[in-house]
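Residue numbers (the UniProt record's numbering): 1 to 315. Written out below as structure tokens is the structure these notes cover.
Set out below in structure tokens:
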């Protein structure tokens, strides 16, 4: 799904200078339509306040400013009433080692937490890491965010062939043995794991998947098969490429035919650490509202989630 974000007018707080003329551009008709999309979803925003108050002061301030920035982006796109179950998928291939060691990935998770704080009824995210294989991580919750970043933002590791599959020594409770995750890019496996979770755990709100990797995409047929198989499921894929690399089929999502609803979007950023919060949230969220409207019209958000067969790549 292609969208044309305009983030110049949605800058909030001390992270970027506050725009004095914020054009949220929401017409009454759009408000009514999007409110109807999410009418069945109840929100309890006050439940997040206690979690936020447990954060260190600087982090709490950053989260507050960023959550307000997300709110401005949602108003701009006419979906101020929207809710979503937010899923985070982090690439952990060997080529991302530098992004992990420099703290770029940890900072990215902190920034994305504001999206969940604003959209997710629980204020947190379900999370996966992946390289050669996917692994479910503990849920990200606001109160435990600092510890989560310290324990679970880790790059994949190489396992020597023939070595016994013994648990790695020194793992803390809840940590994933990253040798089992590996070092290659197998995006379709992570997609299949997320789809299985959505089917097995129905929710009143649709699912927004924020999927980050640094390229090296080589499983085009398998990824395309997962996208096609999930087109009638209540989830939207927002892929983000971290840097200049070969993203294969992800870079051709807007020309992928044969889908009644465009259920995915993709963009790249050369340097995520230098991307402003205003730009990041605008680009993360600009394709989600059109999908909400299209999925609602197609009845995807109303129908029960049924077990689906495994995706089959086209020959």
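Where is the CB? At the ideal position from N, CA and C, for every residue including glycine.
Mind reading off the beta-carbon distance from residue i to residue j? Whole number of angstroms is fine, and I expect it under 8 Å.
i: residue 245; j: residue 282; result: Not confirmed; about 23 Å, so no contact.
i: residue 239; j: residue 250; result: 5 Å
i: residue 119; j: residue 208; result: 7 Å
i: residue 188; j: residue 222; result: 4 Å
i: residue 63; j: residue 117; result: 6 Å
i: residue 131; j: residue 101; result: 16 Å between Cβ atoms; not a contact.
Pull up the distance between the alpha-carbon of residue i and that of residue j, whole angstroms please.
i: residue 1; j: residue 265; result: 5 Å
i: residue 218; j: residue 231; result: 21 Å
i: residue 303; j: residue 153; result: 35 Å
i: residue 301; j: residue 170; result: 44 Å
i: residue 183; j: residue 55; result: 33 Å
i: residue 28; j: residue 78; result: Summary for residue 28: the model assigns pLDDT 47, below 50, so the residue's position carries little reliability; its value from the coordinates is reported in the next sentence. Cα to Cα, the separation comes out at about 9 Å.
i: residue 204; j: residue 227; result: 22 Å
i: residue 193; j: residue 274; result: 31 Å
i: residue 284; j: residue 115; result: 9 Å
i: residue 105; j: residue 269; result: 13 Å
i: residue 31; j: residue 108; result: With a pLDDT of 47 at residue 31, under the threshold of 50, the predicted position of this residue should be treated as unreliable, and no value is reported.
i: residue 151; j: residue 180; result: 16 Å
i: residue 263; j: residue 173; result: 36 Å
i: residue 210; j: residue 88; result: 5 Å
i: residue 386; j: residue 86; result: Past the edges of the chain, shown from 1 to 315, lies residue 386, and the structure says nothing about it.
i: residue 248; j: residue 289; result: 25 Å
i: residue 157; j: residue 134; result: 13 Å
i: residue 72; j: residue 200; result: 33 Å
i: residue 95; j: residue 84; result: 31 Å
i: residue 144; j: residue 225; result: 36 Å
i: residue 330; j: residue 206; result: Given that the chain is displayed from residue 1 to residue 315, the structure contains no residue 330 and the question cannot be resolved.
i: residue 57; j: residue 149; result: 17 Å
i: residue 113; j: residue 61; result: 13 Å
i: residue 142; j: residue 82; result: 20 Å
Which residues in the same chain have their Cβ closer than 6 Å to the Cβ of residue i, if we skip the five residues on either side of it in sequence?
i: residue 90; result: 129, 212
i: residue 195; result: 230
i: residue 3; result: 286, 287
i: residue 267; result: 283
i: residue 80; result: 74
i: residue 299; result: none
i: residue 294; result: 261
i: residue 139; result: 124, 126
i: residue 220; result: 248, 249
i: residue 178; result: 154, 156, 157
i: residue 186; result: 132
For residue i, I'd like the list of residues in its chain whose CB is within less than 8 Å of its CB, leaving aside the five on either flank, ordered along the chain.
i: residue 97; result: 155
i: residue 237; result: 191, 209, 211, 227, 230, 263, 264, 265
Identify, in the order they occur along the chain, each residue of the same chain with its Cβ nearer than 7 Å to the Cβ of residue i, setting aside the five sequence neighbours on each side.
i: residue 280; result: 111
i: residue 272; result: 104, 108, 242
i: residue 137; result: 127, 128, 129, 152, 176
i: residue 147; result: none
i: residue 235; result: 198, 206, 207, 209
i: residue 216; result: 93, 95, 185, 245, 246
i: residue 122; result: none
Examine the ligand HEM and report whether any of its heavy atoms sits within less than 6 Å of the Cβ of residue i.
i: residue 189; result: Inclusion of the ligand HEM in the displayed structure is not the case, the ligand content being empty and no account of it being possible.
Which runs of the alpha helix (DSSP H), 4 residues or longer, sit entirely within the stretch 74-106?
Segments of the alpha helix (DSSP H) lying fully in the stretch 74-106: 97-101.
Enumerate, from N- to C-terminal direction, the unbroken alpha helix (DSSP H) stretches of 4 or more residues contained entirely within the stretch 221-307.
The alpha helix (DSSP H) runs of length 4 or more contained entirely in the stretch 221-307 are, from start to end of the chain, 277-285, 288-297.
For the stretch 139-211, which segments carrying the alpha helix (DSSP H) assignment without a break, of at least 4 residues, lie completely within its bounds, in sequence order?
145-152, 178-181, 187-200, all fully within the stretch 139-211.
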